[in-house]
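Below is one structure, written out as structure tokens, with a few remarks after it.
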Amino acid sequence: MIARLKNDAVPILMLAVLAVAGTATQACAQTATAEVVRSDVVTVPAQDVFVRFRVVQLNGSPLDLIKEHIPALSSDADPQIPTPALLRKLHQEIAGILATEGYFSPIIQFNKISDENRIDIQVDAGPRSHIKEVVITLRGDLQDAALAGDAQKTQLRDQLIQSWEMPKGEAFRQSDWSHAKTSLLENLKSRLYAGASLIDSRANVDTETNLVTLELDMESGAAFRFGDLQVSGLERYPRWLLDRFNPPKKGDDYSSVQLLEFQRALQNSAYFSSVVFNVEPDSTKADALPIEVALVEKQTRDFGWGGGYSSSTGLRTEVSYRDRNVLDKVWDLRSALRVEQKRQLSYADIYLPPSDAYKLDSFGVLVDRFNNEGVLQTRSAIGVKRTTTQGLIEQRLGINYTQEKVLVNENTALELERKSRALVVSAGWIWRHVDDVFAPTKGQRAQVDFAFSEKSLISDQRFLRAYGKYQVWVPVAKRDQLLLRAELGKVFSSGASGIPEDYLFRTGGSTSVRGYAYQSLGVKNGKAVVGGSAMLSSSIEYVHWNTETLGLALFADAGDAGKNWKEMRLKQSIGVGSRIKTPAGPIALDVAYGRQTRKIRLDFSIAIAF
Numbered sequence: 001m002i003a004r005l006k007n008d009a010v011p012i013l014m015l016a017v018l019a020v021a022g023t024a025t026q027a028c029a030q031t032a033t034a035e036v037v038r039s040d041v042v043t044v045p046a047q048d049v050f051v052r053f054r055v056v057q058l059n060g061s062p063l064d065l066i067k068e069h070i071p072a073l074s075s076d077a078d079p080q081i082p083t084p085a086l087l088r089k090l091h092q093e094i095a096g097i098l099a100t101e102g103y104f105s106p107i108i109q110f111n112k113i114s115d116e117n118r119i120d121i122q123v124d125a126g127p128r129s130h131i132k133e134v135v136i137t138l139r140g141d142l143q144d145a146a147l148a149g150d151a152q153k154t155q156l157r158d159q160l161i162q163s164w165e166m167p168k169g170e171a172f173r174q175s176d177w178s179h180a181k182t183s184l185l186e187n188l189k190s191r192l193y194a195g196a197s198l199i200d201s202r203a204n205v206d207t208e209t210n211l212v213t214l215e216l217d218m219e220s221g222a223a224f225r226f227g228d229l230q231v232s233g234l235e236r237y238p239r240w241l242l243d244r245f246n247p248p249k250k251g252d253d254y255s256s257v258q259l260l261e262f263q264r265a266l267q268n269s270a271y272f273s274s275v276v277f278n279v280e281p282d283s284t285k286a287d288a289l290p291i292e293v294a295l296v297e298k299q300t301r302d303f304g305w306g307g308g309y310s311s312s313t314g315l316r317t318e319v320s321y322r323d324r325n326v327l328d329k330v331w332d333l334r335s336a337l338r339v340e341q342k343r344q345l346s347y348a349d350i351y352l353p354p355s356d357a358y359k360l361d362s363f364g365v366l367v368d369r370f371n372n373e374g375v376l377q378t379r380s381a382i383g384v385k386r387t388t389t390q391g392l393i394e395q396r397l398g399i400n401y402t403q404e405k406v407l408v409n410e411n412t413a414l415e416l417e418r419k420s421r422a423l424v425v426s427a428g429w430i431w432r433h434v435d436d437v438f439a440p441t442k443g444q445r446a447q448v449d450f451a452f453s454e455k456s457l458i459s460d461q462r463f464l465r466a467y468g469k470y471q472v473w474v475p476v477a478k479r480d481q482l483l484l485r486a487e488l489g490k491v492f493s494s495g496a497s498g499i500p501e502d503y504l505f506r507t508g509g510s511t512s513v514r515g516y517a518y519q520s521l522g523v524k525n526g527k528a529v530v531g532g533s534a535m536l537s538s539s540i541e542y543v544h545w546n547t548e549t550l551g552l553a554l555f556a557d558a559g560d561a562g563k564n565w566k567e568m569r570l571k572q573s574i575g576v577g578s579r580i581k582t583p584a585g586p587i588a589l590d591v592a593y594g595r596q597t598r599k600i601r602l603d604f605s606i607a608i609a610f
């Protein structure tokens with residue numbers, strides 16, 4: 001039998017019913033306590049007898065899918081009276097679900113278990129149907145231009161056909177069929193042909209050979225080109241600001257990818273809280289398709305205050321001020337004063353409007369006082385930086401001048417004061433391929449940084465600092481994930497003298513080796529811990545999410561920092577923790593046991609904005 005299926009799933013369900021309705025259900029040898037109940041000829045028990053249904057045998061059919069979509073077959077279903085109408089309904093529902101998975105010739109058998117008030121259902125799904133052939137018919141400008149010898153349109157047509165996701169020989173599934181059609185249409189509409197449409201689609205199923213022929217008729221319509229941007233919502237910021245985010249140019253070929261990148265760049269900028277695009281593919285405007293851009297601007301000035309606590313630096317309070325239009329030049333000022341028990345910090349950075357959608361330039365100043373592990377560090381810095389983001393890669397180039405005073409073992413016989421300065425040129429790259437930037441559950445992240453200082457250029461030491469970090473998130477189950485992290489750092493120089501502490505390495509604390517105090521792993525100097533020239537750190541963590549926002553973690557960390565690799569002795573820890581997902585990212589509360597210290601330590605951080 002050959003049946004022709006249209007766009008939706010209903011004909012497939014109908015086909016499945018037709019395929020089995022005329023087939024007599026054949027009974028296997030049964031025990032004395034069971035009788036075969038056919039779905040089309042049913043012996044109805046007494047009206048006060050309720051039974052449960054159970055699928056006891058499936059050959060090649062998806063049991064979980066059947067139980068999920070048929071309430072009467074779930075483990076917690078209420079008993080029901082097995083009327084002929086109910087049995088026919090169950091028969092049709094099972095056959096329909098099997099059809100969506102490509103099984104069009106099932107044998108479904110109901111067996112009444114008289115002494116248990118139960119009906120067992122045996123299902124033989126039969127052979128699965130596979131794709132015999134795919135026929136894609138194109139109409140409109142794309143096909144006409146390709147037949148006329150247009151090389152660009154020919155390539156576009158060939159790429160479109162090659163992008164089809166259900167090749168010959170693959171098993172037929174309704175969900176794959178629907179997704180493949182949608183994907184093909186969106187692929188065509190994303191380049192030039194914004195008004196493309198799917199005229200018709202058919203899945204011709206031969207239930208005798210279990211082969212499916214797929215046919216699609218598509219209309220490309222006219223080729224579109226960008227017209228003018230029709231912008232609304234601009235009041236605080238000038239119109240030329242949009243030109244800095246690489247907008248589509250009038251006359252360029254239409255591309256939904258380019259539009260999406262433009263929208264994303266505006267949305268991620270400092271100036272807009274909402275960016276909505278609207279495109280109406282009117283064929284009469286194909287040569288200059290207008291793009292409607294509706295913007296909601298952010299406030300020019302923001303003032304904030306917040307507080308928090310961290311096991312690394314103690315209680316915290318912070319005051320911040322932001323001005324997104326300094327001197328009416330659309331310069332973005334970001335400044336803050338932060339006071340913590342162990343650290344006091346103030347900074348002011350100005351971000352210029354991007355030179356294009358990918359480059360963001362900034363300059364700023366910083367004053368920092370940090371008292372930790374017997375080291376009192378006071379530093380001031382000024383720097384400039386360019387950040388370039390393209391695709392998955394972020395690049396950072398900068399020049400930074402730092403002056404620092406360090407007091408080690410204050411008020412002891414080993415008290416030592418040293419000063420240093422460094423003019424540093426830096427470059428770094430971050431590669432991200434994750435499902436969520438703020439709270440990843442799947443993907444990878446890699447970071448590489450280099451910093452170089454030359455002694456003859458207002459610096460006290462020549463050095464090269466190299467640092468690398470790699471993280472991976474692996475989904476293990478529906479609510480579980482595995483996290484792996486590795487860090488490596490090395491400073492190449494004739495000695496650590498004259499190198500600011502920020503360019504040396506210390507480790508320990510909530511983001512590195514838990515179970516040890518923040519930056520407590522480094523080079524011992526009396527009772528103090530100063531930075532070293534080498535660092536290695538790693539961790540493995542398993543997280544189970546009990547709910548969408550609350551999880552439990554098990555982890556093990558190892559790491560150390562020292563003068564060189566030979567003097568390093570990796571410190572280890574194991575622990576448990578809780579995870580809470582918030583809009584700003586996950587909050588972690590960890591309890592870890594340090595193997596070398598033989599102590600239990602709590603690592604925690606929380607911040608609240610008012």
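With the numbering used here applied, the sequence shown corresponds to residues 1 to 610, in that order.
Note that CB positions come from ideal geometry on N, CA and C, so glycine has one too.
- Its chain contains 231 as the residues whose beta carbon lies nearer than 8 angstroms to that of residue 239, once the 5 sequence neighbours on both sides are disregarded; these appear in chain order.
- In the displayed model, residue 187 falls within a helix according to three-state DSSP.
- Per DSSP, reduced to three states, the secondary structure at residue 239 is helical.
- Note that the segment 527 to 542 touches the segment 482 to 499; at least 3 beta-carbon pairs, one per stretch, sit closer than 8 angstroms.
- As computed with DSSP, residue 330 is found in no beta bridge at all.
- With respect to the C-alpha of residue 124, the residue from 216, 108 and 113 having the closest C-alpha is 108.
- According to the DSSP assignment, residue 73 belongs to no alpha helix (DSSP H), since it is labelled neither H nor E.
- The Cβ-Cβ distance between residue 156 and residue 224 does not fall below 8 angstroms.
- Given a length threshold of 4 residues, the segment 463 to 521 has no whole run of the alpha helix (DSSP H) inside it.
- Runs of the alpha helix (DSSP H) spanning 4 or more residues and lying entirely within the segment 266 to 342 do not occur at all.
- Excluding residues up to 5 positions away in sequence, 462 lie with their Cβ nearer than 6 angstroms to the Cβ of residue 454 in the same chain.
- For residue 96, the enclosing alpha helix (DSSP H) has its first and last residue at 84 to 100.
- In the structure shown, residue 181 adopts helical secondary structure according to DSSP, grouped into three states.
- DSSP, read as helix, strand or coil, puts residue 68 in helix.
- Residue range 151 to 162 is occupied by the alpha helix (DSSP H) that includes residue 153.
- Among the bridge pairs identified by DSSP, residue 601 is matched with 592.
- The three-state reading of DSSP puts residue 434 in strand, counting E and B together.
- Per DSSP, residue 145 is one residue of the alpha helix (DSSP H) stretching across 141 to 147.
- In the DSSP assignment, the residues bridged to residue 532 are 505.
- Rounded to whole angstroms, the Cβ separation of residue 577 and residue 553 is 4 angstroms, and the two are in contact under 8 angstroms.
- For residue 80, no beta strand (DSSP E) run applies, since DSSP gives it neither H nor E.
- One alpha carbon belongs to residue 317, the other to residue 196, and they sit about 56 angstroms apart.
- Your pair residue 63 and residue 97 does not check out as a contact, with CB atoms roughly 10 angstroms apart and the cut at 8 angstroms.
- Between residue 406 and residue 375, the CB-CB gap stays under 8 angstroms.
- Within the same chain, 308, 309, 310, 311, 312, 510, 587 and 588 come within 8 angstroms of residue 605 by CB-CB distance, once the 5 residues on both sides are set aside.
- By the 16-neighbour rule on beta-carbons within 10 angstroms, residue 174 is buried.
- Collapsing the DSSP output to three states places residue 461 in coil.
- About 7 angstroms separates the beta carbon of residue 347 from that of residue 365, a gap short enough to meet the 8 angstroms contact definition.
- Within its own chain, the residues whose Cβ lies closer than 7 angstroms to the Cβ of residue 418, once the five positions on either side in sequence are excluded, are 406, listed in chain order.
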